[in-house]
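If you read the protein sequences in the order shown, they are chains S and F. All residue numbers for the first sequence refer to our numbering, where the first residue is 1 and numbers rise by one. All residue numbers for the second sequence refer to our numbering, where the first residue is 160 and numbers rise by one. Every residue, glycine too, gets a C-beta built ideally from N, C-alpha and C. Predicted model, so just to flag it, every value in this text is computed and none were measured.
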Amino acid sequence: MTNRRLAPLLLIIAFAVLPLFAQQQADRVKEVGGKFLCMCGCGQVLTQCNHVGCTVSTSMLKELGTMVNRGDSEDKITQTFVQEFGTTVYAEPPKSGFSLVAWLMPVFYFLIGAGIVVFFIMKWRKQAPAPAAVAPAGVHISPEAYERARSQANRDTED
Amino acid sequence: MDVFGSFTLLLAFVCAVYALVGGIAAIITRHPLLVKSTRQAGMATCVLIFIATFSLEYLLFTDNFSQAYVVSHSNRDLSAFYKVAALWSGQEGSLLFWSFLLSIYVISVLIAYRNKNGELMPYVGVVLAGVQTFFLTLNNFVESPFKTLATVNASGVLEPFTRVDGNGLNPLLQYPEMVIHPPNLYSGYTGFTIPFAFALAALLARYPGEKWIHLTRKWTMIAWCFQSVGILLGAHWAYAVLGWGGYWGWDPVENASLLPWLTGTAFLHSVMMQEKRGMMKVWNVWLVFCTFLLCILGTFLTRSGIVSSVHAFANSHIGPWFVGFLGLTLLVCFVAYYLNRDYLKSENQLDSMISRESSFLFNNLLFLVACIAVLSGTLFPVISEGLSGSRISVGAPFFNKIMIPVGLAILFLTGVGPLLAWRKTSGDSLKRNFGWPVIFGLLCGVAAFFMGYRDTFSIICLVLCGFVFWTIVMEFYRGAKVISARTGMSKIMSAHELAMRNTRRYGGYVVHFGMVLVFIGLAGSAFNTDVQRPMNIGESMKLGPYTLVLQSADTKPEQNYTAQRMIVEVLKNNKQLMMLYPEKRQFQGTEQANGTMVAIYSTLREDVYVVFAGIDPDSSLPVIHAFLNPLVKWIWLGGVWVVMGTLLALMPNRRAALAVGLVPQTTASPITQALNPSVTLREGHD
Numbered sequence: 001m002t003n004r005r006l007a008p009l010l011l012i013i014a015f016a017v018l019p020l021f022a023q024q025q026a027d028r029v030k031e032v033g034g035k036f037l038c039m040c041g042c043g044q045v046l047t048q049c050n051h052v053g054c055t056v057s058t059s060m061l062k063e064l065g066t067m068v069n070r071g072d073s074e075d076k077i078t079q080t081f082v083q084e085f086g087t088t089v090y091a092e093p094p095k096s097g098f099s100l101v102a103w104l105m106p107v108f109y110f111l112i113g114a115g116i117v118v119f120f121i122m123k124w125r126k127q128a129p130a131p132a133a134v135a136p137a138g139v140h141i142s143p144e145a146y147e148r149a150r151s152q153a154n155r156d157t158e159d
Numbered sequence: 160m161d162v163f164g165s166f167t168l169l170l171a172f173v174c175a176v177y178a179l180v181g182g183i184a185a186i187i188t189r190h191p192l193l194v195k196s197t198r199q200a201g202m203a204t205c206v207l208i209f210i211a212t213f214s215l216e217y218l219l220f221t222d223n224f225s226q227a228y229v230v231s232h233s234n235r236d237l238s239a240f241y242k243v244a245a246l247w248s249g250q251e252g253s254l255l256f257w258s259f260l261l262s263i264y265v266i267s268v269l270i271a272y273r274n275k276n277g278e279l280m281p282y283v284g285v286v287l288a289g290v291q292t293f294f295l296t297l298n299n300f301v302e303s304p305f306k307t308l309a310t311v312n313a314s315g316v317l318e319p320f321t322r323v324d325g326n327g328l329n330p331l332l333q334y335p336e337m338v339i340h341p342p343n344l345y346s347g348y349t350g351f352t353i354p355f356a357f358a359l360a361a362l363l364a365r366y367p368g369e370k371w372i373h374l375t376r377k378w379t380m381i382a383w384c385f386q387s388v389g390i391l392l393g394a395h396w397a398y399a400v401l402g403w404g405g406y407w408g409w410d411p412v413e414n415a416s417l418l419p420w421l422t423g424t425a426f427l428h429s430v431m432m433q434e435k436r437g438m439m440k441v442w443n444v445w446l447v448f449c450t451f452l453l454c455i456l457g458t459f460l461t462r463s464g465i466v467s468s469v470h471a472f473a474n475s476h477i478g479p480w481f482v483g484f485l486g487l488t489l490l491v492c493f494v495a496y497y498l499n500r501d502y503l504k505s506e507n508q509l510d511s512m513i514s515r516e517s518s519f520l521f522n523n524l525l526f527l528v529a530c531i532a533v534l535s536g537t538l539f540p541v542i543s544e545g546l547s548g549s550r551i552s553v554g555a556p557f558f559n560k561i562m563i564p565v566g567l568a569i570l571f572l573t574g575v576g577p578l579l580a581w582r583k584t585s586g587d588s589l590k591r592n593f594g595w596p597v598i599f600g601l602l603c604g605v606a607a608f609f610m611g612y613r614d615t616f617s618i619i620c621l622v623l624c625g626f627v628f629w630t631i632v633m634e635f636y637r638g639a640k641v642i643s644a645r646t647g648m649s650k651i652m653s654a655h656e657l658a659m660r661n662t663r664r665y666g667g668y669v670v671h672f673g674m675v676l677v678f679i680g681l682a683g684s685a686f687n688t689d690v691q692r693p694m695n696i697g698e699s700m701k702l703g704p705y706t707l708v709l710q711s712a713d714t715k716p717e718q719n720y721t722a723q724r725m726i727v728e729v730l731k732n733n734k735q736l737m738m739l740y741p742e743k744r745q746f747q748g749t750e751q752a753n754g755t756m757v758a759i760y761s762t763l764r765e766d767v768y769v770v771f772a773g774i775d776p777d778s779s780l781p782v783i784h785a786f787l788n789p790l791v792k793w794i795w796l797g798g799v800w801v802v803m804g805t806l807l808a809l810m811p812n813r814r815a816a817l818a819v820g821l822v823p824q825t826t827a828s829p830i831t832q833a834l835n836p837s838v839t840l841r842e843g844h845d
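Rendered as structure tokens:
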């Protein structure tokens, strides 16, 4: 009797949860699929490849869907794809081993570059002469000095 | 005509070699006749290249199917419009086109400066002749566009033959933008040869001062403008033709076009440091060298097939030639720099960390980091294969993660730079200048948030766009206010007058405004959505606030292809907005027979982008793939402003001549007169 009462309830819960589950699976396919490239040669992310008649992305997405539905971990899915297609399947280099170099290079260049810029700014500031004393009111300057000052001011403020 | 074209190309090579070798001899001997004859040889080279290029176009237009190039890239049904584009659709033709565009620049320079800069020009001529010689070597001996079809007959003798029709042009190239995108991009690539030639020549000639920068400023801006337009047109072509819903996929060839643009942009900024403060001379020379080398690298990547790309339409074995030329050029640059580095001593003085100079230094740092990141990412698959044995792909997610923060930092400096004074910026000035732009930027962010934009980077981008926009408005407003007060003109006319008096500065701000629009468009990409499914006639699907109804399908025969069209009605709130016609094209006679034509309903808010993705094999129904891409139109509008800004910057300044009134010497010192000038304004032009 209890089972009879529970059955419709379970059915209702199942119907309510199933779409959520399906949506979760689709989101996961999109998330994991975004980490691989379509191997048709288009160079696009697997979930974004929509080349007319691209059979490669269709079969790859199908395979990915099966693995996601089976509950395979991301690592396992990655291993499967790498075994099947090689390391060219990665949409971005893995953050381990030799591939880590690709990630570190821009950061390394930025830090080195920033260091060099700051070093030169400090060095050039040391070379800068002390600011000239303000001329007391009423002191005349020569026309040449005035012209020099004006052209310097023009140069400094033009752009 | 093919023999004639081939002969003129060979003659052009001879002239270029003479201009190179004779030019070196002229520099050594300083014999005026030799100088003159090598200059004329340089001009003759250009004219001969023009003739050879027109010969190839003539062969294409007259359907001369005895020529291998015409057979491979044209057919009888190809419209005249695309027969022009066939010139650069293949390896041989595109290399000839490179020479052609370079020749336009070279002959312009040789004519413009024929009676000027007598010391420098022989060196410039030699460098230009060197570059031309390289490309003419490829045109004549490696990838000649004038090859006649021939077959071996029964007696073992080569016998020419003519095909009835050609293979046709690659369908992906049969799109109006492909007629203007490559010439723009190539004009950018080739245009950077001019500043390179002047920089190297100035170094070799130990030419004093910043003369080479003044001489090449406009050439650099022209090349930069072409490169910018070329990149944007390429992006628009990818958006409208490739049908994947995006405009920038960090494809190796796209990256190759971006590299010289990044260093060229850095150069356009850092060059001001040299002009104003006599600083960064070594840096500027090397930036120009790198920009040119990256142009050659870009051509190499596009044409060699070293990296796979959807944009590379021709692959061959010319790689070693380009590597050799790159190596030789780098060696020449390095030796020239090493021998003459004492002539690049800078005045290197900085008054403050918070100054326009510092902002330029950081701006250059970011552009260079962006360039190195894109270059290393593009070449990483090749490097990883060489070093570790396995080829590791680097796709869009990598570039987005690296380039979005760098791009935002550059956008921030775009706003900060103009607010900082040369030499030193005081704390008060900072507060005064930054207040309103920061408030406006934050308001933009809040508005974006309430409009439903929830991506962190996009919101930061929109805040920065607002900030930069307001700094530009302030720059115009302040200057216009002064002119308006003096002349009584309206604020708008005063702003126009202001821009015309310092075209370079205000043209630069217009370019910055264009870049703000581009960034607004880029910010929208985080909110792209799409839906794809097979549809029966009469069926509808929802895409955001829109409803797409597949009304019917038809087949439309055209001259060179047959189009299979889907007729899709776009509705919003049950009101019809427009009909879209996405189609698949079946081209006759081409090796790659299919093409896509995307249909786009574009507004400032968003694009409804509809692709006919083919026929579903299970249901035999047409598959419609629809995207909702917010803010894309802003990117193309930004491009228009970038061009307008560059054109403004290229115009000569209108000068407001000052007629100083007679003021008794006893009443004020000259410096007081300068501060309170008794002046009348007299307008005039340069």
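- Within the model, the alpha-carbon separation for residue 789 of chain F versus residue 734 of chain F is close to 20 Å.
- A direct Cα-Cα distance of roughly 8 Å separates residue 282 of chain F from residue 183 of chain F.
- Beta-bridge analysis with DSSP links residue 90 of chain S to S/36.
- By the Cβ rule, the segment 336-349 of chain F counts as touching the segment 378-388 of chain F, because three or more pairs are nearer than 8 Å.
- Nearest Cα to residue 541 of chain F within the set S/40, S/61, S/99, S/33: S/99.
- For residue 546 of chain F, the enclosing alpha helix (DSSP H) covers residues 515-547.
- A residue is called buried when at least 16 other Cβ atoms come within 10 angstroms of its Cβ; residue 66 of chain S does not meet this threshold and is exposed.
- In this model, residue 165 of chain F and residue 301 of chain F are separated by some 13 Å (Cα to Cα).
- Taking the Cβ atoms as the reference, residue 662 of chain F lies roughly 6 Å from residue 812 of chain F, within the contact range of under 8 Å.
- Residues of the segment 526-543 of chain F that bring their beta carbon within less than 8 Å of a beta carbon in chain S comprise 527, 528, 531, 532, 535, 536, 539, 540, 543, in sequence order.
- The Cβ neighbour count for residue 12 of chain S, taken over all protein chains shown within 10 Å, is under 16; the residue is labelled exposed.
- Comparing alpha-carbon positions, the option among F/422, F/219, F/770, F/268 lying closest to residue 205 of chain F turns out to be F/268.
- Taken atom to atom, the span from the alpha-carbon of residue 794 of chain F to that of residue 676 of chain F is near 6 Å.
- The DSSP-derived three-state label of residue 728 of chain F is strand.
- Here the alpha carbon of residue 55 of chain S sits roughly 43 Å from the alpha carbon of residue 425 of chain F.
- Taking a Cβ-Cβ threshold of 9 Å, the residues of chain S close to residue 512 of chain F are 118, 121, 122, 125, in chain order.
- When only Cα atoms are considered, residue 256 of chain F and residue 454 of chain F end up about 15 Å apart.
- Residues of the same chain with a CB within less than 7 Å of the CB of residue 451 of chain F, apart from the 5 flanking positions on each side, are 351, 352, 355 in chain order.
- For chain F, the residues of the segment 81-107 of chain S that bring a beta carbon within less than 9 Å of one of its beta carbons are 86, 87, 88, 89, 90, 91, 92, 93, 94, 97, 98, 99, 101, 102, 103, 105, 106, 107, in chain order.
- Pairing residue 536 of chain F with residue 561 of chain F gives a Cβ-Cβ distance under 9 Å.
- For residue 555 of chain F, at least one C-beta of chain S is nearer than 9 Å to its own C-beta.
- Residue-level contact by beta carbon fails for residue 627 of chain F and chain S, as no gap is shorter than 9 Å.
- In chain order, 43, 44 make up the part of chain S whose C-beta sits under 8 Å from the C-beta of residue 408 of chain F.
- For residue 37 of chain S, a Cβ of chain F is located within less than 9 Å of the residue's own Cβ.
- Looking at the DSSP output, residue 753 of chain F bridges to F/745.
- When secondary structure is reduced to three states using DSSP, residue 698 of chain F falls in the coil class, being assigned neither helix nor strand.
- One finds 528 in chain F with Cβ atoms closer than 7 Å to the Cβ of residue 110 of chain S, taken in chain order.
- In this model, residue 803 of chain F and residue 249 of chain F are separated by some 32 Å (Cα to Cα).
- Take the alpha-carbon of residue 121 of chain S and the one of residue 669 of chain F: they are about 29 Å apart.
- Taking the Cα positions, residue 490 of chain F is about 52 Å away from residue 651 of chain F.
- Between the segment 761-774 of chain F and the segment 638-652 of chain F there are fewer than three inter-stretch CB-CB distances shorter than 8 Å, so the stretches are not counted as touching.
- According to the DSSP assignment, residue 738 of chain F belongs to the beta strand (DSSP E) that extends over 734-739.
- Distances from the alpha-carbon of residue 610 of chain F to those of F/702, F/658, F/683 put F/683 closest.
- Not flagged as an interface residue toward chain F: residue 33 of chain S, since no C-beta distance is shorter than 9 Å.
- Cβ contact annotation for residue 358 of chain F (same chain, cutoff 8 Å, sequence separation greater than five): 371, 375, 443, 444, 447, 448, in chain order.
- Residues of chain S whose Cβ lies closer than 8 Å to the Cβ of residue 550 of chain F are, in chain order, 86, 87, 88.
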